[in-house]
Structures are given as structure tokens and as C-alpha cells.
Amino acid sequence: MNKKLIVTVLLGVFGVAAFAVAQEKGPHDAAIKGRQAMFQTYNFNMGILGDMAKGKIDYNAEIAAQSAANLNAAASFGQAAMWPEGSDSETPGNARTRALPAIWNNFPDVAEKGNALKTASEKLAAEAGNGLDALKGAIGDVGATCKGCHDDYRAKRR
Ligand code: HEC
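Numbered according to this note's numbering, the sequence shown spans residues 456 to 613.
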């Protein structure tokens, strides 16, 4: 094979590969990734606060207050565009998601669980900078609201 032919063949192969990847995108991928980014923001900030509460890292009032404020801000996001019909874990063709179909049959309950997080994260944001004991006193309620929603509406890892 001469060089030019090899290049042409390779371009063909990669062209097809790129096309195949493009075809795998589902119609709701952006919404799914958007809500997962929100949850990752919850998780990052809860991780810092949890490590302080458990004594894995030193308590730092400024970072605690900021992490709790960030969590509270993310918990206050408007989510109207994040949960389009058909973006659940059972509908084929979506980006990887663990959002159970039950969410779409129980929107009022899901919203209530979201509001429970917001109430708890508001309290945590008011307390986290006031010392380790204040942080410890407020973080448990937040963690419980995460779990409360995951138990009913998030698929197990597969
Ligand atoms: C009202 C329901 C609800 C609440 C409250 C909630 N989650 Fe979730 N969480 C979900 C659902 C549903 C998913 C799956 C989203 C998906 O994969 O599309 C999820 C996914 C996640 C993920 C995985 C994100 C990814 O990249 O795939 C993390 C991490 C997470 N949640 C952390 C938290 C933490 C921490 C809290 C509390 C501070 C919390 N969640 C509160 C419903 C909730």
C-alpha cells in the first residue's frame, strides 16, 4: 500500500468511528448530564463537610461556610429542564442515567424530597461556619434527605 492509500483508508476508518459515536447520542443527554453535574456539586461540597465532621480533615470555618453555601445554592437550582419525559434509566438510547422511571409517576413526592434537602441545606449553610459542633449538628439532616430520595428514585449501580 502506498502512503496516500494508507492515509485514505485510516481517514475512512476514523470517519466511520466518529460517526458511530455521534449516533450514540440520545435526545436527552444534555439534560441528564446537566442534572448529574448538579448532583456532583452536591457531592463535592458534602464530601468536604462530611470529612470535617468525621475528623478526616481539620475543621476550617471559612471552607465549611463556603461549602455549605455552595451546596445550598445548588440545592436551590431550578430543575424544570433537567427531567424531560423519557430521560429515565429504562428508556433505551439515553446517556448513562440512574434516574428511575418512578420519578415521572411521583413528581409531587420527588419535589417534596427536593424541598426537604433545600430546608436542611439552608440550615446547614447558616450553621457550618459556627464551629465543628454546629456543623455536626446540622449535617445529618442533609445526608438523610440525600438518602431519602436515592432509596426511592435512584437505581443501584450496575
Ligand atoms: C429529590 C431527589 C434527590 C435528592 C434530594 C438527592 N439526590 Fe442524588 N440523585 C438523584 C437521582 C434521581 C440521581 C440519578 C440522576 C441520573 O443519573 O440521571 C441522583 C444522582 C446522584 C449522584 C450521581 C451523579 C452522577 O454523576 O451520575 C450523586 C453523586 C448524588 N446523587 C449525590 C447526592 C447528594 C450528596 C445529595 C444530598 C446532598 C443528593 N444526591 C440528593 C436524586 C436525588
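Ideal placement from N, C-alpha and C gives every residue a C-beta, glycine not left out.
As the structure is a computational prediction, the values presented were derived from the model and not from experiment.
Between the C-alpha atoms of residue i and residue j, what's the straight-line distance to the nearest angstrom?
| i | j | result |
| --- | --- | --- |
| Ile558 | Ala485 | 18 Å |
| Thr600 | Val565 | 11 Å |
| Glu540 | Ala571 | 23 Å |
| Tyr497 | Gly548 | 27 Å |
| Ala589 | Arg613 | 37 Å |
| Asn585 | Gly598 | 19 Å |
| Glu517 | Phe562 | 36 Å |
| Asp606 | Asn515 | 32 Å |
| Glu567 | Cys604 | 10 Å |
| Asn560 | Gln495 | 25 Å |
Can you name, in chain order, every residue of its own chain whose Cβ lies under 8 Å from the Cβ of residue i, other than the five neighbours on each side?
| i | result |
| --- | --- |
| Gln534 | Arg490, Met493, Gly569 |
| Lys573 | Asn527, Ala530, Ser531 |
| Asp506 | Ile512 |
| Lys591 | Ala508 |
| Lys480 | Ala550 |
| Lys602 | none |
Once the 5 residues before and after residue i are set aside, which same chain residues still bring their CB inside 7 Å of it?
| i | result |
| --- | --- |
| Arg553 | Ser544, Arg609, Ala610 |
| Lys488 | Ala550 |
Residues in the same chain with beta-carbon distance under 6 Å from residue i, minus the five sequence neighbours each way, listed in chain order, please.
| i | result |
| --- | --- |
| Lys578 | Ala593 |
| Gln521 | none |
| Pro556 | Asp543, Glu545 |
| Ile503 | Ser522 |
Starting from the Cα of residue i, find the closest Cα among the options and give me that residue.
| i | options | result |
| --- | --- | --- |
| Met501 | Pro482, Phe562, Asn525 | Asn525 |
| Phe499 | Ala519, Gly595, Lys591 | Ala519 |
| Pro482 | Pro563, Ala516, His605, Met537 | Met537 |
| Gly510 | Leu587, Gln495, Lys480, Glu567 | Leu587 |
Is the beta carbon of residue i sitting closer than 7 Å to the one on residue j?
| i | j | result |
| --- | --- | --- |
| Ala508 | Ala580 | no |
| Ala575 | Asp596 | yes |
Say yes only if the C-beta of residue i is nearer than 6 Å to one or more non-hydrogen atoms of the ligand FMN, and no if none qualify.
| i | result |
| --- | --- |
| Phe494 | Annotation note on the ligand FMN: not contained in the displayed structure, which lists the ligand HEC as its ligands. |
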